[in-house]
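**Student:** I have a structure I would like to understand better, so I am pasting it below and will then ask my questions one at a time.
Residue numbers (mature numbering (1 follows the signal peptide of the UniProt record, and there is no 0)): -23 to -1, 1 to 180.
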């Protein structure tokens, strides 16, 4: 009888230990890297993600000047992006999944005249431009990610000093920072569905 009781207690403790180990494995999130991994960039306000015009099969959007928009979260190649460090501390390129294009800002540079849109003026829309792996000296294609709340980031453009902003008609523009939900962004890891949470800027 005593031996049976001891075996029962040992068996129960072993089961509880196994359950606890499994629970810990479920609760602990896998560590994900930021640079080099593929992400959806999602608006906190709309829950829509960065998207390029055209369908996934057509790739009609893959040309210089194609404007960035927002669309429902789906597993499409034109909604997947990567991040690459530049030679400037805390500033990154945002690359379209193919790595042949990067995001920058539509419009003329400051020294041009009689342009409808300028790259440093609020309201200018995000676009894609060819990327050859070189660094961006003027900063128009460089972005900094400043964590405002856990897992939610302000995206700052180097050239303009303005922040990315989601508009009511699903465009992504640059605008003065005011801290609204439409200026906060999340990075969702494509493979795991996990939201990235980590400090990406010294600011």
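Cβ coordinates follow ideal geometry from the N, Cα and C atoms, glycine included.
Values in this document were obtained by computation on a predicted structure and should not be read as measured data.
Buried or exposed for residue 91, please, with buried defined as at least 16 other CB atoms from any protein chain shown within 10 angstroms of its CB.
**Tutor:** Here residue 91 is taken as the residue at index 114 of the chain shown, counted from 1. Classification for residue 91: exposed.
**Student:** Answer yes if the segment 120 to 128 comes into contact with the segment 168 to 177, meaning at least three C-beta pairs across the two stretches below 8 Å, and no otherwise.
**Tutor:** Flag = yes, the segment 168 to 177 and the segment 120 to 128 touch.
**Student:** Have a look at residue 62 and residue 81 and give me their C-alpha separation to the nearest angstrom.
**Tutor:** Translated into the one-based positions of the chain shown, residue 62 becomes position 85. Translated into the one-based positions of the chain shown, residue 81 becomes position 104. Roughly 15 Å separates the two Cα atoms.
**Student:** Under the DSSP definition of a beta bridge, which residues are partnered with residue 64?
**Tutor:** As a working mapping, residue 64 is identified with position 87 in the chain shown. Among the bridge pairs identified by DSSP, residue 64 is matched with none.
**Student:** With DSSP as the reference, label residue 134 as helix, strand or coil.
**Tutor:** If you number the chain shown from 1, residue 134 lands on position 157. In the structure shown, residue 134 sits in a strand (DSSP, three-state: E or B).
**Student:** On the three-state DSSP scale, how would you describe residue 55?
**Tutor:** Position 78 of the chain shown, counting from 1, holds the residue named residue 55. Three-state result, residue 55: helix.
**Student:** Can you grab the Cα-Cα spacing for the pair residue 141 / residue 105, in whole Å?
**Tutor:** Counting from one through the chain shown, the residue named residue 141 turns up at place 164. Counting from one through the chain shown, the residue named residue 105 turns up at place 128. Cα to Cα, residue 141 sits roughly 14 Å from residue 105.
**Student:** For residue 64, which option in 71, 113 and 83 has the closest C-alpha, if you only look at C-alpha atoms?
**Tutor:** The sequence position of residue 64 within the chain shown is 87, counting from 1. Measuring from the Cα of residue 64, the nearest candidate turns out to be 113.
**Student:** Does the distance from the C-beta atom of residue 131 to that of residue 108 stay below 7 Å?
**Tutor:** Taking the chain shown and counting its residues from 1, the one referred to as residue 131 is at position 154. Taking the chain shown and counting its residues from 1, the one referred to as residue 108 is at position 131. Contact: no.
**Student:** Can you check whether the CB of residue 143 is closer than 7 Å to the CB of residue 22?
**Tutor:** For this step, residue 22 is matched to residue 45 along the chain shown. For this step, residue 143 is matched to residue 166 along the chain shown. Their beta carbons are under 7 Å apart, which means residue 22 touches residue 143 by this criterion.
**Student:** Does the beta-carbon distance from residue 28 to residue 48 come in below 7 Å?
**Tutor:** By 1-based counting over the chain shown, the position of residue 28 is 51. By 1-based counting over the chain shown, the position of residue 48 is 71. Cβ distance < 7 Å, so residue 28 and residue 48 count as in contact.
**Student:** Verify the CB distance criterion: does residue 98 have a CB-CB separation below 7 Å to chain B?
**Tutor:** Here there is only one protein chain, and chain B is not present.
**Student:** Where do the ends of the beta strand (DSSP E) carrying residue 26 lie?
**Tutor:** The residue given as residue 26 occupies position 49 in the chain shown. In the DSSP annotation of this structure, the continuous segment of the beta strand (DSSP E) that includes residue 26 starts and ends at 26 to 28.
**Student:** Which residue or residues does DSSP assign as beta-bridge partners of residue 78?
**Tutor:** Along the chain shown, read from residue 1 onward, the residue named residue 78 stands at position 101. In DSSP, residue 78 forms a bridge with 107.
**Student:** Rounding to the nearest angstrom, what Cα-Cα distance links residue 111 and residue 60 in this structure?
**Tutor:** Locating residue 111 in the chain shown gives position 134, counting from the first residue. Locating residue 60 in the chain shown gives position 83, counting from the first residue. Near 14 Å, if we compare the C-alpha coordinates of residue 60 and residue 111.
**Student:** Taking the continuous beta strand (DSSP E) assigned at residue 152, which residues delimit it?
**Tutor:** Mapped onto the chain shown, residue 152 falls at position 175. Where residue 152 is concerned, the enclosing beta strand (DSSP E) stretches over 149 to 152.
**Student:** Which one of 163, 99 and 157 has the shortest CA to CA distance from residue 150?
**Tutor:** The residue given as residue 150 occupies position 173 in the chain shown. Measuring from the Cα of residue 150, the nearest candidate turns out to be 99.
**Student:** Classify residue 244 as helix, strand or coil using the three-state DSSP reduction.
**Tutor:** Lying outside -23 to 180, the shown extent of the chain, residue 244 is not represented and no answer is given.
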